[in-house]
Structures are given as C-alpha cells and as structure tokens.
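Below is one structure; the comments refer to it alone.
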Amino acid sequence: MLPNDETLFDKVVNLSKRRGFVFQSAEIYGGFRSAYDYGPLGVLLLRNVKEQWWRSMVQLRHDVVGLDASILSPPAVWQASGHLANFSDPMVDCRECGARHRQDKLDDPNACPSCGKSGSLTEAREFNLMFKTHAGPMVESAAEVYLRPETAQGMFINFANVLNTSRKKPPFGIAQIGKSFRNEITPGNFVFRTREFEQMEMEFFVPPEDSDEWYRYWCGARMDWYLDLGMPEDRLRLREHDADELSHYSTGTSDVEFAFPWGWDELEGIANRTDFDLKRHAESSGTKLEYHDPASGERYVPHVIEPAAGATRTAMAFLMAAYDEEEVNDDVRTVLRLDHRLAPYKVAVLPLSKKPELIEPSNEVLGLLQPHWMCDYDQTQAIGRRYRRQDEIGTPYCVTIDFDTLEDRAVTVRDRDSMTQERVPIDGLVDHMAGRLPA
Ligand code: GAP
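The opening position of the sequence shown corresponds to residue 16 in our numbering, with each subsequent residue numbered one higher.
Spelled out as structure tokens, the structure:
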C-alpha cells in the first residue's frame, strides 16, 4: 500500500496523462489551466462513477426521478436563488507581481503566496463566480444569461413540473447529473477545483417536520455509497459544519471528505436547505411551489435535503484511493485496485502472439465478451508487460489466448489483484466472467 504522501499526487497525475485518463485542455496551445479533457480511460471511469450514482440514487429507488435541465438560464433564476448577490469569493491582488488570490485561502493574510512580498496585497473585493454570456446576436444587458454554477436550481424551478407529471409526493427527490461552471479564482490540485466540472445532485423534498430525520438518513446513505465502492474507511469522513459555517438558510450541513495528499477535503455536501429555494422561486416567479395533499387537504412548502457531489472530483478520489504499488519479483508493480464497477475496462483480451492462428480465436473471445462488458484488446509486446499495463489501468481480468487454445478451446483468465491464473473453456467463459463482474 502506498502511503498517502505528496508523491501519490504526482504519480496519479502522471498516470492519468500517460495512460489516457485526463489531459490538460488545449494542451497543444500551451494548455488551459482551469479545464481538463477526459481521455479514453477517463471517460469510462467518469461514466462508471456517474452510472453508479444514478443506479443508487434513481434506479434502485421508487422515490427519486431524474432530470436534465438546461445549462443556460436567465438572470431571474440566479436573482431568486441568491447567486447574483452572494455567490462570490473575496479576492485580493498582489501589487508587486500581479497574482490574484482568494483571501480566505491565504495562510498569511499579509503576504502574497506567489512572490512572498509582505504588505503587497490589495483590500479584498467580492468576485462573483458565475460565467455570464449573451443569448442571441446582441451583446446587451437584455440578452444576458448565465452558465449554471450548480445543477440544483434546475430541480427547484422544475419542482411543479415534476410533481404534476410524475405522480410523486413528498418524500420524493429529483436527481440530476451535469456540467456546472464557476469562474474560480484559484483553480488547482488537478481536477479537484476546475472552472468546468460535473456535479451529481439530488434535491429530496420532504414534509417539514421530517426534515431532520431525512438529513441524517442521507448523510448515512451517501457515506455508504463511497464505502460500498471501495473507498477505504480510514480515508473517508463525514464532517458536520459548525454553526458559523452554515449558510443562512441551512439548518444542517455535513461534508463527505476524502484524505487527499494535501489533507482532508470535500467530495460532497449534504445540506438541509429548508424551504428557502422553493419559497424564493415562488415569490420571484409568482408560481405556487407547494404540495397539496388531496387526502388531508393540507398544503405546505416541502423542505429540501440536498446531497450534492462532484463527479469529476470523486472520480479523482477513487483513482487516488485505488493507486497501489507492490513489489513482485524484485520489480515494482503499479496496480489500480478499482472496484470492478468503476474499472474502465472489465476484461482485456490478449493473444499470446501476433501469429494469425491466434488472432481468429482472440476475435471470437472478444466478440463473446464485448456485448456484456467494456473490453480492451492488445496484441503488442510481451505478455508480462501487457499484464502490467492492464494492472496499471485497473482492468480486473485478462484473458490470454495461447497455442494450447487451438487444441483445448480454453483460455487463461488472470486476476488483477491476486495475479492467479485459471484455465477456462471458451464456451463457458461468459458464465465464468458473469460470476465475477457486474452485469
Ligand atoms: N448545490 C449545492 C452545491 O453546488 P457545492 O458544495 O458548491 O454545493 C457540490 O458543490 C460539489 O460539487 C462539491 O462538493 C464538489 O465535489 C463539486 N465542486 C464544486 N465546485 C467545484 C469545482 N470548482 N471543481 C470541481 N468540483 C467542484
């Protein structure tokens, strides 16, 4: 097991680039620091993280439905939500070197962390984090629109639409996965803080008197989700906010935190948002956003429990948690011990040699497995090196087709973690793998 030290960060960043998980955006133009592109492996890992979230939050429940709201929205939404007035960070500039920093993140509030100069920082100014653009050809204030800084507001402004069409009643939730945009003053730590990122958020609408119970429920359920997917218990914690950290509308917030190489940091926030958002949008839009119980005749504005996670940040945390190095035969083996559900490829099909007689059965094996699982195929280099390549990207199983296959119609299945190998008949291979891999 690799210690959670600074080298882990560099190793994971290097592996991400070298093996095609994450690339710096616009790299051929010198790179665009605040955005990243997900390569062939990264896109699979990220998809798997999002799919597992959707499965647990929507598919396996009867009380949560999905939504895919627009990314662009008019100022009225952000006026009502409070983002136009309050979604800002205090920013200071260095008069000496011109660097810009978040005041609340400075170790020494009097010195510039870039050039070290003392007394060079300006007074703090509030900097709104929303990206503004214009809809249509006219660059004028009437055409101003915003890129959403969170997916959550899409759920609040569609509350009545979903309530009226889904036949749900509180307690019920609306879940959404999608891109959000924040003009962060200091993006950094690889994909941890970027200006374009993906969120996985759910707004759970409950009768007001049940809100505390549901808040506790979601804190527990969300922790279990990470643990079930293989996050080590000692690298995950739930931290309840102190009263002075709470937003003015929240009666309780807890963060799921991961032990990153730089310390504990947030993966997800679970907040009791009370009836703040629905009331604000109801007042601003003039639309009633409440629940009317036809049986009791009761009307009320539901309270909201919100588990809000970052998909991109969480994918990186899973990579860091899975990264391992171990000594094997005087050599260091790098292995990503990703949960099978998260691994980009589930199986790698590897003909022992490029000889044509092995390619035909290899294609047959690939054709059998591909309808069920994401597979890689690799016929170059020595088999030992190919196993190592698959270990390094977390592929749980390698299937090798050798010359004996031509005689016995069997293949060798190698396990990523134990490195044990077993001989399995081609005709029983799909069943064999089905007992070991997610459907
Ligand atoms: N609707 C509530 C909300 O958006 P948040 O704590 O600001 O809450 C939720 O964001 C999650 O989104 C965070 O816990 C984090 O995982 C992710 N996130 C927020 N800003 C991010 C950024 N600049 N880059 C990457 N992920 C980010």
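We put the CB at the ideal spot given by N, CA and C, even for glycine.
Tell me which residues share the same chain as residue 343 and place their Cβ nearer than 8 Å to its Cβ, disregarding the 5 neighbours each side in the sequence. In the sequence shown, counting from the first residue as 1, residue 343 sits at position 328. The answer, listed in chain order, is 434.
In chain order, each beta strand (DSSP E) run of at least 3 residues that lies wholly inside the stretch 71 to 96: 79 to 81
Tell me, to the nearest whole angstrom, how far the beta carbon of residue 366 is from that of residue 389; I am working on the premise that it is less than 8 Å. Locating residue 366 in the sequence shown gives position 351, counting from the first residue. Locating residue 389 in the sequence shown gives position 374, counting from the first residue. Cβ-Cβ separation between residue 366 and residue 389: approximately 19 Å, too far for a contact (criterion under 8 Å).
Between the alpha carbons of residue 79 and residue 448, how many angstroms are there, rounded? Translated into positions along the sequence shown, residue 79 becomes position 64. Translated into positions along the sequence shown, residue 448 becomes position 433. Those two C-alpha atoms are separated by around 32 Å.
Go through its chain and collect everything with a Cβ distance to residue 443's Cβ below 7 Å, but skip five positions before and after it. On the sequence shown, residue 443 is found 428 positions in, with the first residue counted as 1. Counting only Cβ-Cβ distances below 7 Å, and skipping sequence neighbours, we find nothing.
Taking residue 372 as the reference, give the member of 313, 399 and 419 with the closest Cα. Position 357 of the sequence shown, counted from the start, is the residue given in the question as residue 372. With distances taken between Cα atoms, residue 372 lies closest to 419.
Beta-carbon gap between residue 170 and residue 189 smaller than 9 Å: The residue you call residue 170 lines up with position 155 of the sequence shown. The residue you call residue 189 lines up with position 174 of the sequence shown. Yes. Within cutoff.
Cβ-based neighbour list, residue 335, same chain, cut-off 6 Å, excluding 5 preceding and 5 following: Here residue 335 is taken as the residue at index 320 of the sequence shown, counted from 1. So the qualifying residues of the chain are 27.
Assuming residue 230 is part of the alpha helix (DSSP H), what are its boundary residues? By 1-based counting over the sequence shown, the position of residue 230 is 215. For residue 230, the uninterrupted alpha helix (DSSP H) segment begins and ends at 226 to 243.
Contacts around residue 110, its chain only, beta-carbon distance under 7 Å, and the 5 residues preceding and following it disregarded: To locate residue 110, count along the sequence shown from 1; it is residue 95. 135 and 137.
Taking only the alpha-carbon atoms, compute the straight-line gap between residue 16 and residue 327 and give it to the nearest angstrom. Translated into the one-based positions of the sequence shown, residue 16 becomes position 1. Translated into the one-based positions of the sequence shown, residue 327 becomes position 312. Only weak support is given to the placement of residue 16: the predicted model assigns it a pLDDT of 46, under 50, and the value that follows is read from those uncertain coordinates. The alpha-carbon atoms of residue 16 and residue 327 are separated by roughly 24 Å.
What did DSSP end up calling residue 365 once you bin it into helix, strand or coil? Position 350 of the sequence shown, counted from the start, is the residue given in the question as residue 365. If DSSP states are grouped into helix, strand and coil, residue 365 belongs with the strands.
Using the beta-carbon count (16 or more within 10 Å), is residue 75 buried or exposed? Mapped onto the sequence shown, residue 75 falls at position 60. Residue 75 should be labelled exposed.
Close beta carbons around residue 405, own chain, < 6 Å, minus the five adjacent residues each side: Numbered from its first residue, the sequence shown carries residue 405 at position 390. The residues are 363 and 413.
Could you tell me which of 129, 297, 316 and 36 sits nearest to residue 206, measuring between CA atoms? As a working note, residue 206 is residue 191 in the sequence shown. The shortest Cα separation from residue 206 among 129, 297, 316 and 36 belongs to 36.
Got a sec, what are the start and stop residues for the beta strand (DSSP E) residue 199 sits in? Here residue 199 refers to the residue found at position 184 when the sequence shown is read from its first residue. Premise fails: residue 199 is in no beta strand (DSSP E) and is neither H nor E.
Which two residues bound the contiguous beta strand (DSSP E) that contains residue 267? Within the sequence shown, the letter at position 252 stands for residue 267. Here the beta strand (DSSP E) through residue 267 covers 267 to 275.
Helix, strand or coil for residue 182 per DSSP? Position 167 of the sequence shown, counted from the start, is the residue given in the question as residue 182. Looking at residue 182 - three-state DSSP - the assignment turns out to be coil, as it is neither helix nor strand.
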